[in-house]
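Colleague: Residue numbers (this note's numbering): 253 to 1286.
#1: Determine the direct distance from the alpha carbon of residue 381 to that of residue 371, and round the result to whole angstroms.
#2: Is it a yes or a no for the segment 939-956 touching the segment 1010-1025, going by three-plus beta-carbon pairs under 8 Å?
#3: Have a look at 1247, 1250, 1280, 1249 and flag the residue whose alpha-carbon is nearest the alpha-carbon of residue 1258.
#4: Report the rounded CA-to-CA distance for residue 1002 versus residue 1109, giving the unit in angstroms.
#5: So, do the segment 1150-1167 and the segment 1115-1129 have three or more beta carbon pairs nearer to each other than 8 Å?
#6: Using beta-carbon positions only, say whether residue 547 and residue 558 come within less than 8 Å of one another.
#7: Grouping DSSP H, G and I as helix and E and B as strand, with all else coil, what is residue 1224?
#8: Assuming residue 286 and residue 341 make a contact with CB atoms under 8 Å, what is their CB distance in whole Å?
#9: Hey, quick one: how far does the alpha helix (DSSP H) through residue 1046 stretch, first residue to last?
#10: Please return the same chain residues whose Cβ sits closer than 7 Å to the Cβ of residue 804, not counting the five positions on each side in sequence.
#11: Please name the residue or residues paired with residue 788 in a DSSP beta bridge.
#12: Which residues mark the beginning and the end of the alpha helix (DSSP H) in which residue 886 is found?
#13: Tell me whether residue 1163 sits in a helix, a strand or coil according to DSSP, three-state version.
#14: Please report the Cβ distance between residue 549 and residue 577, rounded to the nearest whole angstrom; I am assuming they are in contact, meaning their Cβ atoms lie under 8 Å.
#15: Within the chosen definition, does the segment 1143-1151 reach the segment 1167-1176 through at least 3 CB pairs nearer than 8 Å?
#16: According to the Cβ coordinates, are residue 660 and residue 744 closer than 8 Å?
#17: Are the segment 692-709 and the segment 638-648 touching by the rule of at least three beta carbon pairs closer than 8 Å?
#18: Give the DSSP-derived three-state secondary structure of residue 270 in the structure shown.
#19: Mind checking residue 1050: buried by the 16 CB within 10 Å criterion, or exposed?
#20: Using alpha carbons as the reference points, say which of 461, 280, 1246, 883 lies closest to residue 579.
#21: Going straight from the alpha carbon of residue 853 to that of residue 841, what length do you get?
#22: Check this for me: beta carbons of residue 1018 and residue 933, under 8 Å apart or not?
#23: Taking the continuous beta strand (DSSP E) assigned at residue 264, which residues delimit it?
#24: Going by beta-carbon coordinates alone, are residue 925 and residue 777 separated by less than 8 Å?
#25: Here's the rule I'm using: 16 or more other beta-carbon atoms within 10 Å means buried, otherwise exposed. How should residue 360 be labelled?
#26: Taking 8 Å as the cut-off, decide whether the C-beta atoms of residue 770 and residue 781 are in contact.
#27: I believe residue 1010 touches residue 961 by the beta-carbon criterion, under 8 Å. Please report the beta-carbon distance rounded to the nearest angstrom.
#28: Any chance you could list the beta strand (DSSP E) runs of at least 3 consecutive residues sitting entirely within the segment 731-802, in chain order?
#29: Leaving out the 5 sequence neighbours to the left and right, which residues in its chain are closer than 6 Å to residue 1098 when beta-carbon positions are compared?
#30: When you compare only the Cα positions, how much space is there between residue 1215 and residue 1186?
#31: Indicate the three-state DSSP secondary structure (helix, strand or coil) for residue 1336 in the structure shown.
#32: Would you call the CB atoms of residue 826 and residue 794 closer than 8 Å?
#33: Cα separation between residue 822 and residue 1106?
#34: Apart from the five residues on each side of it in sequence, which residues of its chain come closer than 6 Å, Cβ to Cβ, to residue 1020?
#35: Is the beta carbon of residue 1305 sitting closer than 8 Å to the one on residue 896?
#36: For residue 707 versus residue 736, is the C-beta spacing smaller than 8 Å?
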């Protein structure tokens, strides 16, 4: 009785060592053949990782049973080790062995293996045959082992009966070269998900590096683990636990929705998102192939050894991107550019190599046509290209339309100097090369030079590149355009027209063929270029910026100093060119720390001087655009650099320029066209890149002198402080002591409601706050602004800067010796701590404010201090003490007939009763508060009182009245511009509407809440609301 493996029932490896040589001796003696299979289970480690070794043992035993059932009586099955099995087939020729092998592969994978969960597994199998392929046992096993690996290389779930590889362009598994570590990471992630942890796996790498192929492999891994795999976000929203969503370079909206679904997954029903991106900071980075991987790919694809020249050719023209390697190889094969070497290898033909030498200048051939073609040659692909997912998707989508219309596809890429317009166009031309086989040309039109290239000269170069002899190129632009369009009519080609100055410069250069793809880059928007798809490039996100630094300087350096790298990116304004200069400085100074460079860049007066590396100098590039402006636009550019906030509208610009805002906006438009100022996301607003702002200030100092600069700053900052205070006063209920309105200031906006004043303060937040920070020498203006902000801070309480605003107000009051104002501002400062639950810091300040208010006789502020002390007690779970403070505040505000304070104090007292479980008393207090509030003009107070009443009514099982109260609160919040409070309340209203069976109304409320959370940048609340909406919609 032969020895059997206890788990699988197969013969053991020891039995194979004795029985295989005997089978070969028998075949030799009888003159017959003997075949052998070596097979293993695909992704078997994943089964063990996800379900444990006991489940893995069940699967291995089940596979063995299926194979035994498919074998003939004379065939022998052995367990070779782990999940590897060997089959010996006596008397079996190669052809018959192949038929049996395929039957076994199909049979094993035909149906799921029983168990929890049912799993479908496949096998990869290698076949070898005695005596034609090996003459002893070791040789036969070695051949089968090599073919087993080849079966995996071809994509698994198959049998390999020979050593032939795939044809070029259909290499299957070869796209996964150098991806072992990444696949292991992905398998670990899937194991965590199946163990109950929902999450997102981000796979990064430049386009063409193999995102799609890698995601396909992850999908296989997931299905082997019993997971459902989806590629559609709406379907994913209703998916059960154990579901994987794959997104391949999806757009921002889909990613946001999918991420929200993952983050809000039901506990115990884990789901997972795997997304491809070019963003840095991802979990897995797919890097371009090394030259060794390119060589391995060529060996498989060509079924022979590639020459070093061929490897170098593909490596240099692809940047190691698998898609481009495959594309270039297919092109060489189609053009018969490869020939055999001795030893059945492959190399480039002599003609191709000679042409390459001529183009690189290594021979003496410098004909006019060769020179002209070289002027249109595409620059090399940048190996450190990163980011731009959304922009790439837009331009790739544009490229897909080529050939569908009657005109060429033209994509206009605009943006400020140094933002990466040329890099983007060149990168896409390389990536899209396979789709445009007639060539990829590049022509710099020198639009930023003093003497841009004229259309006639540009057409002359293009015609020469098409092979037109110089003597046959016509003289006029019209004739050259006609000839160019005629010669390119049937071509499918990419043309990059770089650094375009105006529409008139580029129009004659556009081909007529609809199969042409033209990328036009310019610092100007080229709004008059008919039919163009437009893309305005912005600076990088911080992760993209840090990733570019890492690609230039080395990943290890950035990983060792991540905070310093982020600071360098910030100080470079996330501008790609500035980042490249900074990276080059670090790369050429290996002893420097990144922190050292960050400290150098931190000096605003020296930053632009530091950003110089070799022949790259940022100020020189900025100066080109500045010099091309008209004289009034130059003045506008340099003075607008004084605006302290991140963006601005034409009104402060008009103040700085002594112009009407409408005329100022015309000058801003010229700056936008020149790429020196950007259009901000908010309508009617504009912004500077930080480095361009520094450049503008440097130019201003040189052109107008330091004294004039100080005068401009003083005028702007004084105006911002005064007008912001006016807007804040407009929001105040008007029944308490404090700053009153002043006479209108020049160019002051007109506010017809508190909501419009709030909207102005929101828009100008960075500007008035920036002016406040620069105005310590103007304590009276600082005090007036800080004092005025009380009611505005009430509707924007979540902004973190209020502590700074009111602390500056306290300092200003003390500078002026104004004790009455000091107690007011201390109260406000204490409030900023209490609303963020920092009670231990708030209470001592309130005790100080209370004492000071009593000292100076400010009874209104005494009442506010009492009310805020009540808030601190309530928030620290001291309801009895809170009621005492609130009752004192109610009595005081009643005594001085302060309507606004009394309404708020009654409402807070109601909250204290509610916390103690006295719901009826609490509701009575809220109704009293509402009655008092009706006498005043404080919409936020009305909204808070009505919302609290609504909650109490819901708790008292009075849903109809609760919904009505919430509706009144929403009206008040909308009137006051209190978006956050309104969004939160809409969620509560939706819950009451569901209780009343009004599902459609609840969905509408939640949709509005999601929009309002987006407006307040509370993305986590928005995501939670979207998840609730998804469940309601089914």
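Glycine is no exception: its CB is placed at the ideal position from the N, C-alpha and C atoms.
Modeller: Looking at the coordinates:
#1: Taking the first residue of the chain shown as position 1, residue 371 is located at position 119. Taking the first residue of the chain shown as position 1, residue 381 is located at position 129. Spanning the two alpha carbons is a distance of roughly 32 Å.
#2: No, they do not touch.
#3: Mapped onto the chain shown, residue 1258 falls at position 1006. Comparing alpha carbon positions, the residue from 1247, 1250, 1280, 1249 closest to residue 1258 is 1280.
#4: Numbered from 1 along the chain shown, position 750 holds the residue referred to as residue 1002. Numbered from 1 along the chain shown, position 857 holds the residue referred to as residue 1109. In this structure, the straight-line span from the alpha carbon of residue 1002 to that of residue 1109 is close to 36 Å.
#5: Three or more beta-carbon pairs separated by less than 8 Å link the segment 1150-1167 to the segment 1115-1129, which places the two stretches in contact.
#6: If you number the chain shown from 1, residue 547 lands on position 295. If you number the chain shown from 1, residue 558 lands on position 306. In contact: residue 547 and residue 558 (Cβ atoms closer than 8 Å).
#7: Position 972 of the chain shown holds residue 1224. Helix, per DSSP.
#8: Stepping through the chain shown from its first residue, residue 286 is reached at position 34. Stepping through the chain shown from its first residue, residue 341 is reached at position 89. The Cβ separation is near 7 Å, so the contact holds.
#9: Along the chain shown, one-based indexing puts residue 1046 at 794. For residue 1046, the enclosing alpha helix (DSSP H) stretches over residues 1042-1047.
#10: The residue you call residue 804 lines up with position 552 of the chain shown. Cβ neighbours of residue 804 beyond the five flanking positions: 636, 832, 835, 836, 839.
#11: Start at 1 with the first residue of the chain shown, and residue 788 comes out as number 536. Residue 788 is bridged to 666.
#12: If you number the chain shown from 1, residue 886 lands on position 634. Its alpha helix (DSSP H) spans residues 883-892.
#13: Working through the chain shown from its first residue, we reach residue 1163 at position 911. Three-state result, residue 1163: helix.
#14: The count along the chain shown starts at 1 and reaches residue 549 at position 297. The count along the chain shown starts at 1 and reaches residue 577 at position 325. Confirmed, Cβ separation roughly 6 Å.
#15: Two segments are said to touch when three or more pairs of C-beta atoms, one from each, lie closer than 8 Å; by this definition the segment 1143-1151 does not touch the segment 1167-1176.
#16: By 1-based counting over the chain shown, the position of residue 660 is 408. By 1-based counting over the chain shown, the position of residue 744 is 492. Not closer than 8 Å, so no.
#17: Verdict: no, contact absent.
#18: Here residue 270 is taken as the residue at index 18 of the chain shown, counted from 1. The three-state secondary structure of residue 270, taken from DSSP, is helix.
#19: The residue given as residue 1050 occupies position 798 in the chain shown. So residue 1050 ends up on the exposed side.
#20: The residue labelled residue 579 in the question sits at position 327 within the chain shown. That would be 461, whose Cα lies nearest to the Cα of residue 579.
#21: For the purposes of this step, residue 853 is identified with residue 601 of the chain shown, where counting begins at 1. For the purposes of this step, residue 841 is identified with residue 589 of the chain shown, where counting begins at 1. Going from the Cα of residue 853 to the Cα of residue 841 covers about 16 Å.
#22: Residue numbering aside, residue 1018 sits at position 766 when the chain shown is read from its first letter. Residue numbering aside, residue 933 sits at position 681 when the chain shown is read from its first letter. No, these two residues do not count as a Cβ contact at 8 Å.
#23: Against the chain shown, residue 264 aligns to sequence position 12. Judged by DSSP secondary structure, residue 264 falls outside any beta strand (DSSP E); it is assigned neither H nor E.
#24: Here residue 925 is taken as the residue at index 673 of the chain shown, counted from 1. Here residue 777 is taken as the residue at index 525 of the chain shown, counted from 1. Residue 777 sits close to residue 925, with the two beta carbons spaced by under 8 Å.
#25: By one-based count along the chain shown, residue 360 stands at place 108. Classified as buried, residue 360 has 16 or more neighbouring CB atoms from the shown chains inside 10 Å of its CB.
#26: Your numbering for residue 770 matches position 518 in the chain shown. Your numbering for residue 781 matches position 529 in the chain shown. No, they are not a contact pair.
#27: Sequence index remark: in the chain shown, residue 1010 carries index 758 (1-based). Sequence index remark: in the chain shown, residue 961 carries index 709 (1-based). The beta carbons of residue 1010 and residue 961 sit about 33 Å from each other, so the pair does not count as a contact at 8 Å.
#28: Unbroken beta strand (DSSP E) runs of no fewer than 3 residues, entirely contained in the segment 731-802, are found at 746-750, 769-774, 785-788, following chain order.
#29: Along the chain shown, read from residue 1 onward, the residue named residue 1098 stands at position 846. Taking residue 1098 as the centre and dropping the five residues before and after it, the same chain places the C-beta of 1082, 1117, 1120, 1121 closer than 6 Å to its C-beta, in chain order.
#30: Locating residue 1215 in the chain shown gives position 963, where the first residue counts as 1. Locating residue 1186 in the chain shown gives position 934, where the first residue counts as 1. One C-alpha to the other measures close to 20 Å.
#31: Residue 1336 lies beyond the stretch modelled for the chain, which goes from 253 to 1286, so this question has no answer here.
#32: One-based indexing of the chain shown puts residue 826 at position 574. One-based indexing of the chain shown puts residue 794 at position 542. Yes, they are a contact pair.
#33: As a first step, residue 822 is located in the chain shown; it is residue number 570 there, counting from the start. As a first step, residue 1106 is located in the chain shown; it is residue number 854 there, counting from the start. Approximately 48 Å between the Cα atoms of the pair.
#34: Walking along the chain shown from the start, residue 1020 turns up at place 768. Only residues of its own chain outside the window of five on either side were considered, and among them 972, 976 have a CB closer than 6 Å to the CB of residue 1020, listed in chain order.
#35: Outside the displayed span of the chain (253 to 1286) sits residue 1305, for which this structure offers no information.
#36: In the chain shown, counting from the first residue as 1, residue 707 sits at position 455. In the chain shown, counting from the first residue as 1, residue 736 sits at position 484. In this structure, residue 736 does not lie closer than 8 Å to residue 707 by Cβ.
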